[in-house]
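Comments concern the structure below.
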Amino acid sequence: MIKQAIIPLAGLGTRLLPLTSVFAKELLPIQGKPSLEYILNECIDAGIKEIIFIISKRKMMIKKYFYNDKFYKELIKKKKDTRIIEEYKKILRYRKMIKFVYQDKPKGTGDAVLKTKKYIKDKYFLMLLPDDLIIKKNCSKSMIASHKKYKASVMASMNVKKKAVERWGIYKLNKRLNTTDYLIDSVFEKPNIKDAPSNKAVIGRYILPIKIFSKLKNLKPNKGGEIHITDAIQLLINDNEKFIAHNFSGKYLDCGSMEGYIKSSKEIAKL
Ligand code: G1P
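In terms of numbering that gives the first Met the number 0, the sequence shown opens at residue 0 and continues consecutively.
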């Protein structure tokens, strides 16, 4: 069973400037709800019991969102407004599941994952990157089903345009397991177009083995000076750890760029 999820939230959000000069991008609303709540709901619906947020001092706003008790209590006392009471109850329900850890320097996704090491209890855990919203079908849930079937690590996968491979982690595929799952031969972080082995990209959902921490511990910064989870995954593949690429059937929305963020609002409005 996958019971724990981690969500890296210490990113600077430069693609969403100027909004992110004062605001946490994960709290920006999409149809009246912070994008982070869509991610939380995906986790809860997939059976996750504990969620670890990796934040930084710059992103304390996220902690405040879940710990603003005095504000709510005083308001509820004064106004007795049922809508406010329901919103506060919702926040408290989320909060029961959330733990906070800190990554004060944005050194990359691999470094963010390493910060959660002492909290991970089981053999496998889920990671969701909050820029990547997947709607219409619960991607985490279908990945957990593949994980159960093959007893392997899993990453969400999607075909991207050939000229866009430099933006993504890109796989070389091995064997086809079924209509949606493929064994991965190797994975490369943001390769040049001429070196890319395919146009199959890693999307921000991962079921990772606890073994990944031993690889992350010694990992050096790579592409763009960051410590990448992709590099630790490749080291595990070299040790014959099975990784599956799962072609999800939901719709992918990129909330991390201004264009994508605006489009996400429109797509979610149509649901
Ligand atoms: C990260 C990963 C990359 C993956 C992408 C999915 O990149 O490093 O391999 O394809 O997420 O969104 P980032 O978006 O942090 O640049």
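Even for Gly, the Cβ is constructed at its ideal location relative to N, Cα and C. This structure is a prediction, so every number in the text was calculated from the model and none was measured.
Within the segment 99 to 149, complete beta strand (DSSP E) segments of at least 3 residues are found at 123 to 127, 131 to 134, given in chain order. Contact between Lys-116 and Phe-187 fails: their C-beta atoms lie close to 25 Å from each other, not under 8 Å. DSSP lists Arg-175, Ala-244 as the beta-bridge partner residues of Tyr-181.
Counting along the chain, the unbroken alpha helix (DSSP H) around Leu-234 starts and ends at 228 to 237.
Annotation: the continuous alpha helix (DSSP H) that includes Ser-213 extends over 211 to 215. By the CB criterion at 7 Å, Lys-56 and Phe-99 fall outside the cutoff. Per the C-alpha coordinates, the member of Tyr-87, Thr-81, Arg-82, Met-59 positioned closest to Phe-70 is Tyr-87. The residue from Thr-229, Asn-246, Ile-226, Phe-124 with its alpha-carbon nearest to that of Tyr-181 is Asn-246. Apart from sequence neighbours up to five positions away, the residues of its chain that approach Arg-14 with a beta-carbon distance below 8 Å are Gly-255, Ser-256, Met-257, ordered along the chain. The Cβ neighbour count for Arg-204, taken over all protein chains shown within 10 Å, is at least 16; the residue is labelled buried. The criterion of a C-beta distance shorter than 7 Å is satisfied by His-227 and Gly-109. For Ser-264, the enclosing alpha helix (DSSP H) has its first and last residue at 257 to 268.
No residue range can be given for Glu-25, since it is assigned to no alpha helix (DSSP H) and is classified by DSSP as neither H nor E.
Pairing Ile-6 with Phe-52 gives a Cβ-Cβ distance under 7 Å. For Val-164, the number of other beta carbons within 10 angstroms of its own is at least 16, and it is reported as buried. In this chain, Glu-165 is not harboured by any beta strand (DSSP E), its DSSP state being neither H nor E. In this structure, ligand 1 has no non-hydrogen atom nearer than 6 Å to the beta-carbon of Leu-127. The Cβ-Cβ distance between Asn-191 and Asp-184 does not fall below 7 Å. For Leu-74, the enclosing alpha helix (DSSP H) begins and ends at 68 to 78.
For Gly-223, the secondary structure class from DSSP, reduced to helix, strand or coil, is helix. Boundaries around Leu-207 are those of the beta strand (DSSP E), 199 to 208, since no alpha helix (DSSP H) includes it.
By the CB criterion at 7 Å, Ala-111 and Tyr-170 fall outside the cutoff. Checking the 6 Å criterion, the Cβ of Gly-223 is out of range of every heavy atom belonging to ligand 1. Residue pairing from DSSP places Asp-253 in a beta bridge opposite Asp-131.
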